[in-house]
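Report on the structure given below.
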Amino acid sequence: MVVLRSSQDLVKDLAETVTAYLKDPADDVTLVLAHAGGNKGKALLQAAVKAGAARVDCKGPTKGPERVAFVKAEFAAAGRQIAPDAAQALLDAVGSELREIAAACTQLIADTEGRVDAAAVARYHSGRAEASGFTVADRAVEGRLPEALEQLRWSLAVGTAPVLINSALAGAVRGIAVVAGPSRGGSDADLAKSAKVPPWKLRTLRQQARGWSPAGIGRAMSVVAETDALIKGAGRDPEYALERAVIEIARARGRR
12 MVVLRSSQDL VKDLAETVTA YLKDPADDVT LVLAHAGGNK GKALLQAAVK
62 AGAARVDCKG PTKGPERVAF VKAEFAAAGR QIAPDAAQAL LDAVGSELRE
112 IAAACTQLIA DTEGRVDAAA VARYHSGRAE ASGFTVADRA VEGRLPEALE
162 QLRWSLAVGT APVLINSALA GAVRGIAVVA GPSRGGSDAD LAKSAKVPPW
212 KLRTLRQQAR GWSPAGIGRA MSVVAETDAL IKGAGRDPEY ALERAVIEIA
262 RARGRR
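Residue numbers (the working numbering): 12 to 267.
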């Protein structure tokens, strides 16, 4: 059996070689093509199906709670445990790609002992987790100013573009505005669509929205708009503009 992983990433020449092989495969070889989904490399899958291959769709976890459950299951399969907040921290650091999540779980299982906590995850993945502009934004709208500034400085130090960080700030403030606003009687799906977040993110947004007033939200929205202009040319120091934005947003929480 030959398993060709990430077949969507094959270079053109290799994809053509595999396509040619599919027309006259060896009798004693079973070829498995693993594909991540999407349109990239889709022609190879179509060629395989046309040649008589069986297609098996493997649906992975797509929602936040499902990914947390997946992480816990990976640890349980190895006879280990991971704390719920540690599982979420791991996902924040690694992202949503299932292969990377599984690989990160394997690494932590191999390199740690006992029950894995959030501190262990931070030791192995702090660089990636802290570099996220979304982490900066979360800490800012939660009013956790010292942590927000620390995350901001780290994010800039590892090369995150200022425009991406401000975009994350704008998204966080927009989400707070939607969740904290007057109820429109719609479903959570409608609310998530308005906030431009996945439905599972609403719980976090509702927690973050506590302590925000209309005046505070208005001030925060003005800050991100001003910062966007400063970053895109009206100012000379985008890093200073971001630091000011984080300070102003954190202080706007609780403003009456």
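Just so it is clear, CB atoms sit at the ideal spot from N, CA and C, and this is done for glycine as well.
Note that the structure is a prediction, hence the values are computed from the model and not measured.
Beta-bridge pairing of V190 - partner residues as DSSP gives them: Under DSSP, V190 takes part in no beta bridge, so it has no partner.
Alpha-carbon to alpha-carbon, P209 and A140: Its pLDDT being 48, under 50, A140 is placed unreliably by the model, and the measurement read from it follows with that caveat. Each residue's alpha carbon lies about 19 Å from the other.
Complete alpha helix (DSSP H) runs within the region 85-114 (minimum length 4 residues, chain order): 95-105
Environment of A142 [buried if 16+ CB atoms lie within 10 Å]: Model confidence at A142 stands at a pLDDT of 49, short of 50, so the residue's coordinates are unreliable and nothing is read from them.
Touch test, the region 151-158 against the region 112-128, Cβ-Cβ under 8 Å, three pairs minimum: no
Inter-stretch contact at 8 Å, needing at least 3 Cβ pairs: the region 68-77 / the region 202-216: yes
Within the region 28-86, ranges of the beta strand (DSSP E) (whole runs, at least 3 residues): 42-44
Straight-line gap, E27 to T41 (C-alpha atoms, nearest Å): 18 Å
S166, buried or exposed, once every other Cβ within 10 Å from all chains shown has been counted against 16: buried
Where A142 sits in the DSSP three-state scheme: At A142 the pLDDT is 49, less than 50, meaning the model places this residue with poor confidence; the figure from the coordinates comes in the next sentence. Coil, per DSSP.
A159 and V127 closer than 8 Å at C-beta: no
C-beta atoms of R230 and R255 nearer than 8 Å: no
As assigned by DSSP and simplified to three states, the class of L21: coil
Nearest neighbour of A45, chosen from V29, V14, K83, A58 [CA to CA]: V14
Residue interval of the beta strand (DSSP E) (run including L213): L213 -> not in any beta strand (DSSP E); alpha helix (DSSP H) instead, spanning 213-220.
I260 (DSSP reduced to helix, strand or coil): In the structure shown, I260 sits in a helix (DSSP, three-state: H, G or I).
Cβ pair T132, A100 closer than 8 Å: It is Val, not Thr, that sits at residue 132 in the sequence shown. Yes, the Cβ-Cβ distance between V132 and A100 is below 8 Å.
Beta-bridge pairing of L15 - partner residues as DSSP gives them: DSSP lists L44 as partners of L15.
Nearest to A37 (by Cα), restricted to the options D20, A188, L25, A62: A62
Candidates R221, Q218, R185, of which the one nearest K204 by Cα: R185
Check whether I112 and R91 have beta carbons under 8 Å apart: no
8 Å Cβ cutoff met for R262 and G222: no
Simplified DSSP state of V127, which is helix, strand or coil: strand
Pairwise C-alpha distance: E161 and A130: 17 Å
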